[in-house]
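J.: Per full-length UniProt numbering, the very first residue in the sequence shown carries number 1; after that it's consecutive. Using N, Cα and C, we set each Cβ at its ideal position, and we do this for glycine too.
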Amino acid sequence: MQLFSLLLSALLPLVAVLVPPGERPAVVDTRIAFSDGFDRLSVGAGGTWGWRSTAYRDGCTDNPQDYKLDHLTPEALRSEGGALVITARPGDAGRWNTGLLTTGDSCGSGGSGAQVRTGDFLLTRVRLPQAGTGAWPALWTWRDGRNELDVFEWHADRPHTLEFVNHVRGGEGTYSSFDVAPGEWTYVGIRFGESSTTWYVGSDRDRLTEAFDDGAGVGRDFSAYLVLSLSVSSGRYHRAPQQAEPAELAVDEITVYRGTPPGVPPQR
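(1) Pick out the complete beta strand (DSSP E) segments inside the segment 104-130, 3 residues or longer, and give them in chain order.
(2) May I ask you to list the residues that DSSP assigns as paired with residue 83?
(3) Could you give the distance in angstroms between the alpha-carbon of residue 23 and the alpha-carbon of residue 77?
(4) Consult DSSP for residue 75 and reduce its assignment to one of helix, strand or coil.
(5) Does DSSP put residue 64 in a helix, a strand or coil?
(6) Can you check which of these residues, 65, 42 and 72, is closest to residue 83 by C-alpha distance?
(7) Cα separation between residue 121 and residue 260?
(8) How about residue 157 and residue 71: are their beta carbons less than 7 Å apart?
(9) Is it right to say residue 178 is buried, meaning 16 or more other beta carbons lie within 10 angstroms of its own, or is it exposed?
(10) For my contact list, residue 102 and residue 227 are in at a C-beta cut-off of 8 Å; report their separation, rounded to the angstrom.
(11) Taking the C-alpha atoms as reference points, what is the distance between residue 146 and residue 249?
(12) Within a Cβ cutoff of 6 Å, which residues of the same chain sit near residue 127, ignoring the five residues on either side of it in sequence?
(13) Would residue 168 and residue 201 be called neighbours here (beta carbons separated by less than 7 Å)?
(14) Expressed to the nearest angstrom, what Euclidean distance is found between the alpha-carbon atoms of residue 194 and residue 212?
(15) Within a Cβ cutoff of 7 Å, which residues of the same chain sit near residue 96, ignoring the five residues on either side of it in sequence?
(16) Between the segment 102-114 and the segment 37-53, can you find at least three pairs of beta-carbon atoms closer than 8 Å?
(17) Taking the Cβ atom as the reference point for each residue, do residue 252 and residue 38 lie within a distance shorter than 7 Å?
(18) Just reading off the beta strand (DSSP E) that residue 179 is part of, what are its end residues?
(19) Using 8 Å for Cβ pairs, my map puts residue 143 next to residue 224. What's the rounded Cβ distance?
(20) When DSSP labels each residue in this structure, what does residue 232 get in the three-state scheme?
(21) If I follow the unbroken beta strand (DSSP E) through residue 147, where does it start and stop?
(22) Quick one: Cα of residue 229 to Cα of residue 198, how far?
(23) Tell me residue 35's beta-bridge partners as DSSP assigns them.
(24) Count the other CB atoms, across all protein chains shown, that sit within 10 Å of the CB of residue 241; report buried if there are 16 or more and exposed otherwise.
(25) Which residue or residues does DSSP assign as beta-bridge partners of residue 200?
(26) From which residue to which residue does the beta strand (DSSP E) around residue 164 run?
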(Lines of atoms letter the chains of each structure in order from A and count residues from 1; the text may use other names and numbers.)
(Lines give C-alpha, C1' and ligand atoms only; values in the text may rest on other atoms or scores of the structure.)
Protein backbone atom coordinates (compact mmCIF):
# COMPACT_ATOMS: atom_id res chain seq x y z
CA MET A 1 0.00 0.00 0.00
CA GLN A 2 2.87 2.38 0.82
CA LEU A 3 4.50 1.68 -2.56
CA PHE A 4 1.19 2.40 -4.35
CA SER A 5 0.83 5.71 -2.54
CA LEU A 6 4.35 6.73 -3.53
CA LEU A 7 3.70 5.87 -7.18
CA LEU A 8 0.40 7.78 -7.17
CA SER A 9 2.09 10.83 -5.67
CA ALA A 10 4.69 10.72 -8.41
CA LEU A 11 2.16 10.35 -11.24
CA LEU A 12 -0.35 13.05 -10.25
CA PRO A 13 1.85 15.98 -11.31
CA LEU A 14 2.43 14.25 -14.67
CA VAL A 15 -1.33 13.86 -15.20
CA ALA A 16 -1.80 17.55 -14.41
CA VAL A 17 0.73 18.41 -17.13
CA LEU A 18 -0.69 16.01 -19.74
CA VAL A 19 -4.32 17.17 -19.32
CA PRO A 20 -4.68 20.90 -19.98
CA PRO A 21 -6.88 22.70 -17.42
CA GLY A 22 -9.52 23.58 -20.02
CA GLU A 23 -9.99 19.91 -20.91
CA ARG A 24 -10.36 18.49 -17.43
CA PRO A 25 -13.79 17.05 -16.62
CA ALA A 26 -15.94 19.46 -14.66
CA VAL A 27 -16.80 18.50 -11.12
CA VAL A 28 -20.58 18.21 -10.93
CA ASP A 29 -21.98 19.42 -7.62
CA THR A 30 -25.36 17.70 -7.68
CA ARG A 31 -27.60 16.03 -5.16
CA ILE A 32 -31.11 14.66 -5.38
CA ALA A 33 -33.56 16.86 -3.49
CA PHE A 34 -36.66 14.84 -4.37
CA SER A 35 -37.38 11.67 -6.31
CA ASP A 36 -40.27 9.31 -6.89
CA GLY A 37 -40.05 6.28 -9.19
CA PHE A 38 -43.63 5.24 -8.37
CA ASP A 39 -42.86 1.63 -7.48
CA ARG A 40 -45.63 2.23 -4.99
CA LEU A 41 -48.10 5.06 -4.56
CA SER A 42 -47.76 7.21 -1.44
CA VAL A 43 -50.85 9.44 -1.30
CA GLY A 44 -52.74 10.91 1.65
CA ALA A 45 -51.94 12.01 5.19
CA GLY A 46 -48.25 11.38 5.88
CA GLY A 47 -47.64 10.45 2.25
CA THR A 48 -45.42 11.89 -0.45
CA TRP A 49 -48.37 13.30 -2.37
CA GLY A 50 -51.72 14.92 -1.81
CA TRP A 51 -54.54 14.45 -4.30
CA ARG A 52 -56.37 17.79 -4.05
CA SER A 53 -55.08 21.30 -4.81
CA THR A 54 -55.79 24.91 -3.86
CA ALA A 55 -55.38 25.66 -7.58
CA TYR A 56 -58.78 23.97 -8.04
CA ARG A 57 -61.14 26.70 -6.92
CA ASP A 58 -64.30 24.64 -6.41
CA GLY A 59 -63.74 22.58 -3.27
CA CYS A 60 -60.12 21.81 -4.23
CA THR A 61 -61.42 19.16 -6.67
CA ASP A 62 -63.08 21.04 -9.57
CA ASN A 63 -61.86 23.93 -11.69
CA PRO A 64 -64.27 24.90 -14.49
CA GLN A 65 -62.98 28.49 -14.32
CA ASP A 66 -59.82 27.28 -16.04
CA TYR A 67 -61.84 25.42 -18.67
CA LYS A 68 -61.31 22.00 -17.16
CA LEU A 69 -63.93 19.26 -16.84
CA ASP A 70 -61.95 17.69 -13.98
CA HIS A 71 -63.38 16.22 -10.82
CA LEU A 72 -60.43 15.00 -8.74
CA THR A 73 -60.63 11.65 -7.01
CA PRO A 74 -57.92 9.39 -5.52
CA GLU A 75 -59.56 6.43 -7.26
CA ALA A 76 -58.11 7.76 -10.53
CA LEU A 77 -54.57 7.07 -9.27
CA ARG A 78 -52.70 3.77 -9.24
CA SER A 79 -49.19 2.32 -9.40
CA GLU A 80 -48.71 -0.29 -12.10
CA GLY A 81 -45.52 -1.87 -13.43
CA GLY A 82 -43.26 0.70 -11.78
CA ALA A 83 -45.21 3.69 -13.02
CA LEU A 84 -47.93 6.01 -11.81
CA VAL A 85 -51.04 5.78 -13.97
CA ILE A 86 -53.71 8.51 -13.88
CA THR A 87 -56.98 7.59 -15.58
CA ALA A 88 -59.66 10.09 -16.62
CA ARG A 89 -63.17 8.66 -17.02
CA PRO A 90 -66.57 10.24 -17.73
CA GLY A 91 -68.44 11.11 -14.53
CA ASP A 92 -71.62 12.91 -13.53
CA ALA A 93 -72.96 16.21 -14.85
CA GLY A 94 -70.45 16.43 -17.67
CA ARG A 95 -67.46 16.15 -15.35
CA TRP A 96 -64.61 13.67 -15.79
CA ASN A 97 -63.28 11.79 -12.78
CA THR A 98 -59.52 12.18 -12.93
CA GLY A 99 -56.42 12.51 -10.78
CA LEU A 100 -53.81 14.94 -9.54
CA LEU A 101 -50.75 14.66 -7.33
CA THR A 102 -49.10 17.51 -5.46
CA THR A 103 -46.44 17.83 -2.78
CA GLY A 104 -48.14 20.77 -1.07
CA ASP A 105 -51.05 23.25 -0.91
CA SER A 106 -53.18 20.10 -1.07
CA CYS A 107 -56.18 21.20 1.03
CA GLY A 108 -55.19 18.75 3.75
CA SER A 109 -55.03 15.72 1.46
CA GLY A 110 -51.35 14.91 2.09
CA GLY A 111 -47.98 15.73 0.58
CA SER A 112 -44.40 15.86 1.81
CA GLY A 113 -44.01 19.61 1.33
CA ALA A 114 -41.10 19.12 -1.10
CA GLN A 115 -40.45 22.15 -3.29
CA VAL A 116 -38.37 23.06 -6.29
CA ARG A 117 -36.34 26.24 -6.03
CA THR A 118 -34.08 28.51 -8.04
CA GLY A 119 -31.15 26.59 -9.54
CA ASP A 120 -32.84 23.18 -9.47
CA PHE A 121 -33.09 20.81 -12.41
CA LEU A 122 -36.19 18.62 -12.74
CA LEU A 123 -36.40 15.52 -14.90
CA THR A 124 -39.50 13.46 -15.61
CA ARG A 125 -40.46 10.65 -17.96
CA VAL A 126 -44.05 10.46 -19.16
CA ARG A 127 -46.16 8.36 -21.49
CA LEU A 128 -48.69 10.60 -23.17
CA PRO A 129 -52.36 9.57 -23.39
CA GLN A 130 -53.69 7.74 -26.42
CA ALA A 131 -56.60 10.08 -26.94
CA GLY A 132 -57.78 12.01 -29.98
CA THR A 133 -59.23 14.98 -28.13
CA GLY A 134 -59.75 16.31 -24.61
CA ALA A 135 -56.74 14.88 -22.75
CA TRP A 136 -54.61 17.59 -21.13
CA PRO A 137 -51.74 16.24 -19.02
CA ALA A 138 -49.35 18.65 -17.32
CA LEU A 139 -46.57 18.89 -14.76
CA TRP A 140 -46.40 22.30 -13.12
CA THR A 141 -45.55 24.21 -9.96
CA TRP A 142 -47.80 26.07 -7.52
CA ARG A 143 -47.61 27.77 -4.15
CA ASP A 144 -49.81 30.28 -2.32
CA GLY A 145 -51.97 30.98 -5.35
CA ARG A 146 -49.04 31.80 -7.62
CA ASN A 147 -45.52 30.60 -8.55
CA GLU A 148 -46.93 28.64 -11.47
CA LEU A 149 -44.50 27.37 -14.05
CA ASP A 150 -45.47 24.69 -16.55
CA VAL A 151 -42.80 22.02 -16.88
CA PHE A 152 -44.94 20.78 -19.75
CA GLU A 153 -48.48 20.79 -21.05
CA TRP A 154 -49.80 18.59 -23.84
CA HIS A 155 -53.13 18.63 -25.63
CA ALA A 156 -54.48 15.65 -27.52
CA ASP A 157 -55.53 17.79 -30.50
CA ARG A 158 -51.86 18.85 -30.92
CA PRO A 159 -50.36 15.37 -30.51
CA HIS A 160 -46.75 16.16 -31.46
CA THR A 161 -46.31 19.40 -29.50
CA LEU A 162 -45.29 20.13 -25.92
CA GLU A 163 -46.06 23.54 -24.44
CA PHE A 164 -43.96 25.44 -21.88
CA VAL A 165 -45.12 28.52 -19.94
CA ASN A 166 -43.42 30.67 -17.31
CA HIS A 167 -46.27 32.34 -15.41
CA VAL A 168 -43.81 33.72 -12.84
CA ARG A 169 -41.96 36.18 -15.05
CA GLY A 170 -43.57 35.65 -18.44
CA GLY A 171 -42.50 33.67 -21.45
CA GLU A 172 -43.88 30.72 -23.37
CA GLY A 173 -42.72 28.35 -26.06
CA THR A 174 -43.40 25.04 -27.76
CA TYR A 175 -41.47 22.02 -28.97
CA SER A 176 -42.75 19.91 -31.87
CA SER A 177 -41.43 16.52 -32.94
CA PHE A 178 -42.87 13.23 -34.15
CA ASP A 179 -41.02 11.65 -31.22
CA VAL A 180 -43.63 13.38 -29.05
CA ALA A 181 -46.70 11.26 -29.67
CA PRO A 182 -49.69 9.58 -28.00
CA GLY A 183 -48.68 6.37 -26.26
CA GLU A 184 -44.95 7.16 -26.44
CA TRP A 185 -42.53 7.74 -23.56
CA THR A 186 -40.77 11.11 -23.45
CA TYR A 187 -38.26 12.72 -21.09
CA VAL A 188 -38.84 16.36 -20.19
CA GLY A 189 -36.33 18.37 -18.19
CA ILE A 190 -36.28 21.92 -16.92
CA ARG A 191 -33.63 24.12 -15.34
CA PHE A 192 -35.15 26.72 -13.00
CA GLY A 193 -32.59 29.44 -13.63
CA GLU A 194 -32.63 32.79 -11.87
CA SER A 195 -32.52 34.80 -15.10
CA SER A 196 -33.45 32.14 -17.65
CA THR A 197 -35.53 28.97 -17.53
CA THR A 198 -34.54 26.25 -19.98
CA TRP A 199 -36.60 23.25 -21.07
CA TYR A 200 -35.19 20.00 -22.51
CA VAL A 201 -36.82 17.06 -24.33
CA GLY A 202 -35.51 13.67 -25.40
CA SER A 203 -36.18 9.96 -25.75
CA ASP A 204 -32.98 9.20 -23.77
CA ARG A 205 -32.23 10.78 -20.39
CA ASP A 206 -28.56 11.17 -21.35
CA ARG A 207 -29.31 12.82 -24.71
CA LEU A 208 -31.63 15.67 -23.97
CA THR A 209 -32.14 18.43 -26.52
CA GLU A 210 -32.70 22.03 -25.54
CA ALA A 211 -36.30 22.77 -26.51
CA PHE A 212 -36.85 26.34 -25.29
CA ASP A 213 -35.16 29.06 -23.26
CA ASP A 214 -37.40 31.86 -22.00
CA GLY A 215 -34.71 34.43 -21.17
CA ALA A 216 -36.74 35.38 -18.09
CA GLY A 217 -36.07 32.87 -15.33
CA VAL A 218 -37.78 32.55 -11.97
CA GLY A 219 -35.85 35.03 -9.86
CA ARG A 220 -33.54 34.52 -6.92
CA ASP A 221 -36.06 33.34 -4.31
CA PHE A 222 -38.41 31.10 -6.30
CA SER A 223 -39.82 28.00 -4.62
CA ALA A 224 -42.97 26.02 -5.30
CA TYR A 225 -44.67 22.65 -4.89
CA LEU A 226 -44.90 20.08 -7.66
CA VAL A 227 -48.25 19.34 -9.30
CA LEU A 228 -48.92 16.53 -11.78
CA SER A 229 -52.35 16.36 -13.37
CA LEU A 230 -54.37 14.77 -16.13
CA SER A 231 -57.00 17.36 -16.98
CA VAL A 232 -59.80 17.19 -19.53
CA SER A 233 -60.40 20.21 -21.74
CA SER A 234 -63.83 21.85 -21.76
CA GLY A 235 -63.43 22.95 -25.38
CA ARG A 236 -62.66 26.64 -24.79
CA TYR A 237 -59.12 26.56 -26.21
CA HIS A 238 -58.71 22.92 -27.17
CA ARG A 239 -61.27 20.37 -28.30
CA ALA A 240 -63.30 18.61 -25.64
CA PRO A 241 -63.53 14.81 -25.66
CA GLN A 242 -65.53 13.53 -28.62
CA GLN A 243 -65.97 10.06 -27.12
CA ALA A 244 -66.50 8.68 -23.63
CA GLU A 245 -63.35 6.58 -23.75
CA PRO A 246 -61.00 6.75 -20.72
CA ALA A 247 -57.61 8.42 -21.14
CA GLU A 248 -54.42 7.44 -19.27
CA LEU A 249 -51.23 9.28 -18.40
CA ALA A 250 -48.25 7.27 -17.12
CA VAL A 251 -45.21 8.65 -15.28
CA ASP A 252 -42.31 6.53 -14.04
CA GLU A 253 -40.00 9.22 -12.70
CA ILE A 254 -39.98 12.69 -11.23
CA THR A 255 -36.57 13.73 -9.90
CA VAL A 256 -35.43 17.13 -8.65
CA TYR A 257 -31.68 17.78 -8.59
CA ARG A 258 -29.94 20.54 -6.65
CA GLY A 259 -27.58 21.41 -9.46
CA THR A 260 -27.42 20.00 -12.98
CA PRO A 261 -26.97 16.24 -13.47
CA PRO A 262 -24.57 14.73 -16.03
CA GLY A 263 -25.91 14.44 -19.57
CA VAL A 264 -27.67 17.81 -19.59
CA PRO A 265 -26.36 20.36 -22.10
CA PRO A 266 -24.67 23.32 -20.38
CA GLN A 267 -26.66 26.50 -20.00
CA ARG A 268 -25.77 29.09 -22.60
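T.: The relevant details are as follows:
(1) 115-117 and 120-127
(2) Here residue 83 is taken as the residue at index 83 of the sequence shown, counted from 1. Answer is 80, bridged to residue 83.
(3) What you label residue 23 is simply residue 23 of the sequence shown in a count that begins at 1. What you label residue 77 is simply residue 77 of the sequence shown in a count that begins at 1. Annotation note: pLDDT 36 at residue 23 (below 50); position unreliable, no value reported.
(4) Against the sequence shown, residue 75 aligns to sequence position 75. Helix at residue 75.
(5) Indexing the sequence shown from 1 puts residue 64 at position 64. It is helical.
(6) Here residue 83 refers to the residue found at position 83 of the sequence shown. The option with the nearest alpha carbon to residue 83 is 42.
(7) Translated into the one-based positions of the sequence shown, residue 121 becomes position 121. Translated into the one-based positions of the sequence shown, residue 260 becomes position 260. Answer to the nearest angstrom: the Cα atoms are 6 Å apart.
(8) For the purposes of this step, residue 157 is taken as the residue at position 157 of the sequence shown. For the purposes of this step, residue 71 is taken as the residue at position 71 of the sequence shown. Not in contact: residue 157 and residue 71 (Cβ atoms no closer than 7 Å).
(9) As a position in the sequence shown, residue 178 is number 178, starting the count at 1. It counts as exposed.
(10) Locating residue 102 in the sequence shown gives position 102, where the first residue counts as 1. Locating residue 227 in the sequence shown gives position 227, where the first residue counts as 1. Residue 102 to residue 227, Cβ: 4 Å. Contact.
(11) The sequence position of residue 146 within the sequence shown is 146, counting from 1. The sequence position of residue 249 within the sequence shown is 249, counting from 1. One C-alpha to the other measures close to 25 Å.
(12) Taking the sequence shown and counting its residues from 1, one reaches residue 127 at position 127. Result list for residue 127: 185 and 250, in chain order.
(13) As a position in the sequence shown, residue 168 is number 168, starting the count at 1. As a position in the sequence shown, residue 201 is number 201, starting the count at 1. Result no, Cβ atoms of residue 168 and residue 201 do not sit closer than 7 Å.
(14) Here residue 194 refers to the residue found at position 194 of the sequence shown. Here residue 212 refers to the residue found at position 212 of the sequence shown. Distance between the alpha carbons of residue 194 and residue 212 is about 15 Å.
(15) As a working mapping, residue 96 is identified with position 96 in the sequence shown. Once the five neighbours on either side are set aside, the close Cβ partners of residue 96 are 69, 70, 71, 88, 89, 90 and 232.
(16) yes
(17) Locating residue 252 in the sequence shown gives position 252, counting from the first residue. Locating residue 38 in the sequence shown gives position 38, counting from the first residue. Cβ atoms of residue 252 and residue 38: closer than 7 Å.
(18) The sequence position of residue 179 within the sequence shown is 179, counting from 1. Here residue 179 belongs to no beta strand (DSSP E), and DSSP marks it neither H nor E.
(19) If you number the sequence shown from 1, residue 143 lands on position 143. If you number the sequence shown from 1, residue 224 lands on position 224. Indeed they touch by this definition, with Cβ atoms about 4 Å apart.
(20) Taking the sequence shown and counting its residues from 1, one reaches residue 232 at position 232. In this structure, residue 232 counts as strand in the three-state DSSP scheme.
(21) The residue labelled residue 147 in the question sits at position 147 within the sequence shown. Element bounds for residue 147: n/a, residue is neither H nor E.
(22) Position 229 of the sequence shown, counted from the start, is the residue given in the question as residue 229. Position 198 of the sequence shown, counted from the start, is the residue given in the question as residue 198. Roughly 21 Å separates the two Cα atoms.
(23) Position 35 of the sequence shown holds residue 35. Per DSSP, 255.
(24) Stepping through the sequence shown from its first residue, residue 241 is reached at position 241. Under this definition residue 241 is a buried residue.
(25) Here residue 200 corresponds to residue number 200 of the sequence shown, with the count starting at 1. Residue 200 pairs with 189 and 210.
(26) Counted from its first residue, the sequence shown places residue 164 at position 164. Where residue 164 is concerned, the enclosing beta strand (DSSP E) stretches over 161-166.
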